[in-house]
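Chemist: Starting off with a structure, shown below.
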Amino acid sequence: MRSRGLPRIVVMTVLVSLLGLAAPAQARPATRLTVEGPTRSTIDSGTAIVMRGRLARARGGESVRLQFWNGSRWHTQAVSRVTKRRAYRLSLVPPVGERRWRVRFAGDERLKPATSRTVRVRVRPALDITSVIPGERAILSGIVPGHRRRPVQLQQWSGTAWRTIDRGTSRADGLARFPVRVMATAEEGRYRLHAPRSGRLGAVSSPSRTAMRSQTAQVLAPDTAYLEERVHVTAVFTPARADRRVDVQSLVNGAWVTVASGWQDARGQARLSVEASSLGSMRLRAVALRTSGGGLSVISPARTVVVTEGPVPPPTLISRPADGTATDHESWAPSVSADGGSVAFSSFVPHLTVDDANDAADVFVRDVGSGQVVRASLASDGAELAESSAQSSISGDGSRVAFVTGASAVPEDLNGRQDVYLRDLDRGTTVLVSASEGGGAGSGPSGRPRLASDGSVVVFTSGADDLVQGDTNGVTDVFVRDLASGRTTRVSQAPDGSELASPSTAPALSSDGRHVAFTVRPEGAAPQLLLHDVRLGTTVNTGVAPCGVAAPTVSDGGRFIAYVSCDDGPGDGNGLPDVLVHDLATGFTEVISRSPQGAVGVAGAPTMSADGRFIAFASDSPELVAGDANVARDVFVRDRVTGSVTRASVGRNGREASGGSDEPAISADGRAVAFSSFARLHAEDLDRGQDVYLRHLSR
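Read in order, the letters of the sequence shown correspond to residues -27 to -1, 1 to 672 in mature numbering (1 follows the signal peptide of the UniProt record, and there is no 0).
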């Protein structure tokens, strides 16, 4: 027995057969309307009716019309052509209301139309709902067209029956709205609108709709990564929930720790990056946090990324406190030993050594191999100095350090000015370098010391007039102090041996201690770069014009001089400060701050290896090496033999610095370069201040 109840989905098929086309003299055969499938005289709005059949004697090409009675006449609603097989098919979605329908054969007016059939099209509520993930609040709305202010119920399927969870009244336009929190489970929720019997209106329900489904998540990440590398992670959530917060978590010591946060975009994706901070397996997962409406957290399956050592290690963090404590105090101005085994530098960091309590900048030396840090800026009796110390220069073996301080590091320093000292780390002694002929401190300030590789000679500048006899020019001069003999010599003299009338600045000492390069600016003339031979006592004008007072650097034997020039050298037409090297033997000048392809960049702060082959310098140019996109000052090293340029101020595996780097100091063998940087180039750099690093270069 067929049920008279209303099904959820009604598909009505009407089959009309027009059989037995007879000759005109014969009786016209009757036709009748038959129905296939559910036999219903009442259907829901939006449901299609299909009428089809076959004509026994049709020739093909004739028309069949589907008509309805409009109260006064039959009106054709649809037309179908009869196929060669004498079949036809008519389909349409009838309008709301009660109408009589029939099929008429248009090819022979004598053919009796199919018996009419009355079909009533009723309105059912339609539930308009979007996909909602568990726990979210939603507004479920629906339309009950044609019925104003009718009581409406929102019902939820309990698994066995429909349960009313809210009641309301439709508006004048038939709209009914129900705020609801979709159940916070992983199951799907089915809802429908139900209009109960009201007066002559029978009860009617909308088709059920699924109002919720669980959000799924996954993490996309590479299988492997290098240590300290940024690992790019994409969290994907379905369905998307734009602007919903996403956390990427890492499993640390058995607990999930948030390492990056972001927001889903319109596609349900969040692109984040995390740092591979330790070797081994890194477990990552994505979590979509609870929404403001109370949505549940959605957690993706974990993804494993294997972290390995990369091909290029990070630079060594020289200014690292012994206890690893983060600090925002700055460290700067490194000086490196001949083989890069020791680095001297200035720092305000108060706990590089355990006994630092003077609340001032000091000079320290780190043994790169052992990691041990000692303070060099101490008094002759080992006591702390009351004032800051800086401008360090270390000997080739790392045992001696020259520095500048305004404090009295020896009893005979009573001038109250800055003086140059030398600390012997092996002996634990401190001696005054900028001493007068009488043994006390000079009458003027002294600074900018440079120490020979063997630690026997110190060059420095001084405004004192009592360090040597005959100093009457009243300007700053350059002096050399022989530490073994205690003899001080003024080297800033004219090529003819006369006293210079203009200040001499920026001294540079070859690592063998024989040649001193310095800058002098005669009044009303361009700066000059002079070279003094300490052994012969002679001074020559190199014939090159340095830019400002930037310090030059000189190779052993005094053949090569690197300096900063504003003049254009060969292949240099930018008219800006560049690093050049002048060969005194050949007279040839070479532009150093250029790429192997010839691009020239603004540069400064040159420093040279003992043989003059390797030049370290700082530059803001992004054209010296490929991939320079950090828009910051970097430290580079140029090999004058091969023409290659290497960027030293990078992190592990060449990761670009996020801040500026400067003050390069290259070792005598050219295999290591120290520099200062505001970037975090090592995982142990936890502060936000300037630090000192050492990069070992592959050769």
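Note that the Cβ used here is the ideal one computed from N, Cα and C, for glycine as well. Here the structure is a predicted model, which is why all the values come from computation and not from measurement.
Per DSSP, what kind of secondary structure is residue 529 in: helix, strand or coil?
Modeler: Helix at residue 529.
Chemist: Pick out whichever of 613, 614, 585, 627 has its Cα sitting closest to the Cα of residue 599.
Modeler: Nearest C-alpha to residue 599: 627.
Chemist: If you run the structure through DSSP and keep just helix, strand and coil, what is residue 183?
Modeler: If DSSP states are grouped into helix, strand and coil, residue 183 belongs with the strands.
Chemist: Relative to the C-alpha of residue 171, which candidate in 443, 221, 143, 399 has its C-alpha closest?
Modeler: For residue 171, the nearest C-alpha among the options comes from 143.
Chemist: Considering residue 676, what are the terminal residues of the beta strand (DSSP E) in which it resides?
Modeler: Here the chain covers residues -27 to 672 and nothing more, so residue 676 does not appear.
Chemist: Taking C-beta to C-beta, are residue 369 and residue 310 nearer than 7 Å?
Modeler: Yes, the pair counts as a contact, with Cβ atoms nearer than the cut-off.
Chemist: Starting from residue 243, trace the beta strand (DSSP E) both ways and give me its first and last residue.
Modeler: From DSSP, the beta strand (DSSP E) with residue 243 extends over 242 to 248.
Chemist: Rounded to the nearest angstrom, how far is the Cβ of residue 363 from that of residue 319, given a contact under 8 Å?
Modeler: About 4 Å; that satisfies the 8 Å criterion.
Chemist: Report back the beta-carbon spacing between residue 435 and residue 445 to the nearest angstrom; my notes put them in contact at under 8 Å.
Modeler: That pair is no contact at about 14 Å.
Chemist: So what does DSSP say about residue 627, is it helix, strand or coil?
Modeler: Helix, per DSSP.
Chemist: Determine the contact status of residue 193 and residue 115, defining contact as a CB-CB distance below 7 Å.
Modeler: Their beta carbons are not under 7 Å apart, which means residue 193 does not touch residue 115 by this criterion.
Chemist: State the Cα-Cα distance for the pair residue 439 and residue 416, rounded to the nearest angstrom.
Modeler: If I take the Cα positions, the gap works out to 6 Å.
Chemist: Which runs of the beta strand (DSSP E), 3 residues or longer, sit entirely within the stretch 631 to 659?
Modeler: Runs found: 634 to 639, 645 to 650.
Chemist: Restricting to Cα atoms, I'd like to know which of 508, 529, 533 is closest to residue 516.
Modeler: For residue 516, the nearest C-alpha among the options comes from 533.
Chemist: Hey, could you find the ends of the beta strand (DSSP E) residue 26 is sitting in?
Modeler: Residues 22 to 27.
Chemist: Which stretch, first to last residue, makes up the beta strand (DSSP E) that contains residue 376?
Modeler: Looking at the DSSP string, the run of the beta strand (DSSP E) that includes residue 376 is 373 to 378.
Chemist: Would residue 580 and residue 589 be called neighbours here (beta carbons separated by less than 7 Å)?
Modeler: A contact, by the Cβ cut-off of 7 Å.
Chemist: Report the residue from 245, 335, 202, 254 whose alpha carbon sits nearest the alpha carbon of residue 219.
Modeler: It is 245.
Chemist: Is any beta-carbon of chain B found at less than 7 Å from that of residue 305?
Modeler: Checking the listed chains, one finds no chain B in this structure; it contains a single protein chain.
Chemist: What three-state label does DSSP hand residue 283 in the structure shown?
Modeler: Coil at residue 283, not helix or strand.
Chemist: Compare the beta carbon distance of residue 390 and residue 418 with 7 Å and say whether it is the shorter of the two.
Modeler: Going by C-beta atoms, residue 390 is nearer than 7 Å to residue 418.
Chemist: So what does DSSP say about residue 318, is it helix, strand or coil?
Modeler: Residue state, collapsed to three classes: strand.
Chemist: Note down the Cα distance separating residue 207 from residue 276, rounded to an integer number of angstroms.
Modeler: Rounded to whole angstroms, residue 207 to residue 276 spans 11 Å at the Cα level.
Chemist: Going by Cα to Cα distance, which pick from 383, 420, 423, 398 is closest to residue 412?
Modeler: When each option's Cα is compared against that of residue 412, the closest is 383.
Chemist: According to the neighbour-count rule (16 or more other Cβ atoms, all chains shown, within 10 Å of its Cβ), is residue 654 buried or exposed?
Modeler: Buried, since its Cβ has 16 or more Cβ neighbours within 10 Å.
Chemist: Helix, strand or coil, according to DSSP, for residue 491 in the structure here?
Modeler: If DSSP states are grouped into helix, strand and coil, residue 491 belongs with the strands.
Chemist: Take residue 195 as the anchor and find which of 145, 231, 257 has the nearest alpha-carbon.
Modeler: That would be 257, whose Cα lies nearest to the Cα of residue 195.
Chemist: Does DSSP put residue 550 in a helix, a strand or coil?
Modeler: If DSSP states are grouped into helix, strand and coil, residue 550 belongs with coil.
Chemist: Identify whether residue 595 lies in helix, strand or coil by the three-state DSSP scheme.
Modeler: Coil.
Chemist: Is the beta carbon of residue 552 sitting closer than 7 Å to the one on residue 537?
Modeler: Yes, they are a contact pair.
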